[in-house]
Amino acid sequence: MKNNEITRRWQAHPSLADVLAVTRGFQASPFGRTPDGLLDFRGLSLASTPLSVGGGWHNDGHEIDLRDADFSYGSWKGFDLRDAQVQRCTFASVEFVSDIRLFGVSLEDCLFKDCSFKNVHITNASLRNTRFEGLRGKDTLSFHVRLIEDCLFEGKMKKIDFKSSPIRNTRFSGELLECVFFGHPSIDVVDADAEIYREVAPDAVANRMDGVDFSDASLINCHIGNYCYLDKVIPPSPEQNCISRLSPDFFDTASALLRQDMPEALASKSLMWLETFYKPDVRLPHGVIGPRDLAKPLGADGAALFFNTLRRAATQAKTIV
Numbered sequence: 167m168k169n170n171e172i173t174r175r176w177q178a179h180p181s182l183a184d185v186l187a188v189t190r191g192f193q194a195s196p197f198g199r200t201p202d203g204l205l206d207f208r209g210l211s212l213a214s215t216p217l218s219v220g221g222g223w224h225n226d227g228h229e230i231d232l233r234d235a236d237f238s239y240g241s242w243k244g245f246d247l248r249d250a251q252v253q254r255c256t257f258a259s260v261e262f263v264s265d266i267r268l269f270g271v272s273l274e275d276c277l278f279k280d281c282s283f284k285n286v287h288i289t290n291a292s293l294r295n296t297r298f299e300g301l302r303g304k305d306t307l308s309f310h311v312r313l314i315e316d317c318l319f320e321g322k323m324k325k326i327d328f329k330s331s332p333i334r335n336t337r338f339s340g341e342l343l344e345c346v347f348f349g350h351p352s353i354d355v356v357d358a359d360a361e362i363y364r365e366v367a368p369d370a371v372a373n374r375m376d377g378v379d380f381s382d383a384s385l386i387n388c389h390i391g392n393y394c395y396l397d398k399v400i401p402p403s404p405e406q407n408c409i410s411r412l413s414p415d416f417f418d419t420a421s422a423l424l425r426q427d428m429p430e431a432l433a434s435k436s437l438m439w440l441e442t443f444y445k446p447d448v449r450l451p452h453g454v455i456g457p458r459d460l461a462k463p464l465g466a467d468g469a470a471l472f473f474n475t476l477r478r479a480a481t482q483a484k485t486i487v
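This is the structure we're talking about:
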């Protein structure tokens, strides 16, 4: 059955109220089950009340559990879930638009493949054994959740904000551009004017990044902050990134090597960027360096040389992860 035929099946149930009635709150499908044995909700558009002006939809929260179901080739427009169980569900090529919020939701054993995410916010939720495949650079997606465990994020990820969500035994595959990973929700400030901050120990942070696998990933200009310890991650390949503990030994070694190896025209800029991003700081126990991070200020060749120099420094100082 073609995708447009799958979608047309639902024309007899044009409103959300009709859909909820005929499916008994997604406990049954008028079209039975898919070949994979899932309840067949493929092609279904779940839309809340349209806004009277400006386009878009009101965000209506629904406390509806979704289990053993396939929602592929459909769309969610202003359809929010709240305090719901979503288990063993498939979402392939689904459009999630209009500030979708999944609040307090438990996502388990789910697949999101080649979906479109436009201002989707997953908050106070838990994600276990859930896969996001085929992510695209134009997707806008954020997580502020209780747990992400045994999950997969694959594709081109741009500015995905994980905040201080605890991430465990989760794999990232593809390109991560300007994504955000925090270790703790806030900075422990001693004296803001004097820029004095208190250290937060690894066992006290919210997100320990325990078993996070970046081995098939490339991190570009990602924001790693708020006591984000990276000593328990599986790092990217040496060609993609270098993860280093930002110790005084690393900083001093990197400073000496940059003065020695960088072209004269780039030496002062390189030392400035080292000071800006990679100096010892209790708030930043680890740093991530990539060959393209500083391509704009240093040029492609200069950025690659900067990366290789800092990788040598991390190796010599024995701070490399």
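Its first residue numbered 167, the sequence shown is counted upward by one per residue in this note's numbering. From the three backbone atoms N, C-alpha and C, an ideal C-beta is built for every residue, glycine too.
Could you tell me which uninterrupted beta strand (DSSP E) segments, each at least 3 residues in length, are contained entirely in the region 289-327, listed from first to last along the chain?
The qualifying runs are 292-294, 297-301, 307-310, 313-315 and 318-324.
Does the count of Cβ pairs from the region 313-324 and the region 292-301 closer than 8 Å reach three?
yes
Start and end of the beta strand (DSSP E) containing Lys243?
Where Lys243 is concerned, the enclosing beta strand (DSSP E) stretches over Ser241 to Lys243.
Would you give the residue range spanned by the alpha helix (DSSP H) that Ser434 belongs to?
Glu430 to Phe443
Where does Asp305 land, buried or exposed, given buried means 16+ other C-beta within 10 angstroms?
Asp305 comes out buried.
Rounded to a whole number of angstroms, what is the C-alpha to C-alpha distance between Val185 and Asp376?
42 Å
Whether Glu299 touches Met323 by CB criterion (8 Å):
no
How many angstroms separate the CA atom of Glu361 from the CA atom of Ala213?
Distance from the CA atom of Glu361 to the CA atom of Ala213, rounded to whole angstroms, is 49 Å.
Identify the continuous alpha helix (DSSP H) that holds Glu229 and give its terminal residues.
Membership of Glu229 in any alpha helix (DSSP H) is not indicated, and neither H nor E is assigned to it by DSSP.
Helix, strand or coil for Ile386 per DSSP?
In the structure shown, Ile386 sits in a strand (DSSP, three-state: E or B).
Could you tell me whether the Cβ atoms of Leu268 and Leu301 are closer together than 8 Å?
no
Roughly how many angstroms lie between the CA atoms of Ala433 and Ile409, to the nearest whole one?
22 Å
Using DSSP with H/G/I as helix, E/B as strand and the rest coil, what is Phe416?
helix
Determine the DSSP secondary structure at Val378, reduced to helix, strand or coil.
coil
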